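Following numbering that gives the first Met the number 0, the numbering of the sequence shown begins with 0 at its first residue and continues without gaps.
Glycine included, C-beta positions come from ideal geometry on N, C-alpha and C.
Computed from a prediction, not measured in an experiment: that's the story for all the values here.
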Amino acid sequence: MDLLDEFLPYAQSCLRHPSERARLAVILTQWAAKWQGKQRLFDYSRSHHGAYLHFNQLMGGKWVQAFTFVATRREGVCLRGPEPDRTRKAHKFRHNPLDAAPLEALFEAWSLHPEARPAGHAVEFFLEETPDDVWAACLAETLTHLGT
Numbered sequence: 000m001d002l003l004d005e006f007l008p009y010a011q012s013c014l015r016h017p018s019e020r021a022r023l024a025v026i027l028t029q030w031a032a033k034w035q036g037k038q039r040l041f042d043y044s045r046s047h048h049g050a051y052l053h054f055n056q057l058m059g060g061k062w063v064q065a066f067t068f069v070a071t072r073r074e075g076v077c078l079r080g081p082e083p084d085r086t087r088k089a090h091k092f093r094h095n096p097l098d099a100a101p102l103e104a105l106f107e108a109w110s111l112h113p114e115a116r117p118a119g120h121a122v123e124f125f126l127e128e129t130p131d132d133v134w135a136a137c138l139a140e141t142l143t144h145l146g147t
């Protein structure tokens with residue numbers, strides 16, 4: 000949770016309304032609470048572009064960024080995923096390729112939501128545009144396709 004404590008203040012500063020800031024804290028806390036176990040970890044990074052809270056999972060002996068919460072001053076906060084580089088990683092390691100099927104299934108599930116915006120080989124959900132029931136559905140789909 001320490002990385003969440005680093006990401007949250009910056010992410011909240013990217014939102015205009017106090018109600019959205021509180022909502023973000025609730026959503027991130029729920030997602031972080033479910034993202035537990037030896038096969039999962041968080042990674043935080045920050046640049047002049049914004050802040051990123053990566054949700055990583057060990058899949059087939061490789062750590063993969065399953066999805067990322069992105070906070071930028073210009074665009075606000077969004078969830079981006081699943082791992083947009085999954086296709087390349089599936090072919091890059093010829094001796095031990097990544098099985099991208101769970102990530103592809105998650106991509107298909109997330110793509111069905113009308114709030115999902117295309118973002119290359121991933122989709123984005125912006126906090127201001129996405130209702131709470133969709134956030135809950137996305138979390139449930141994540142746990143279903145990537146394991147609980």
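- Per the coordinates, the alpha-carbon of tryptophan 62 lies some 34 angstroms from the alpha-carbon of arginine 15.
- Taken in chain order, the complete beta strand (DSSP E) segments of 3 or more residues contained in the stretch 6 to 35 number zero; there are none.
- If you compare the alpha carbons of Phe68, Lys37, Leu97 with that of leucine 138, the shortest gap goes to Phe68.
- In the three-state scheme derived from DSSP, where H, G and I count as helix and E and B as strand, threonine 71 is classed as strand.
- In the DSSP annotation of this structure, the continuous segment of the beta strand (DSSP E) that includes alanine 118 starts and ends at 116 to 118.
- In this structure, tryptophan 134 sits away from valine 122, with a CB-CB distance that is not shorter than 7 angstroms.
- Rounded to whole angstroms, the gap between the alpha carbons of alanine 118 and phenylalanine 54 is 18 angstroms.
- Ranked by how close their Cα comes to the Cα of glycine 60, the residues Leu97, Asp42, Leu2 have Leu97 in first place.
- Nearest C-alpha to leucine 40 among Val76, Phe66, Ala24, Leu7: Phe66.
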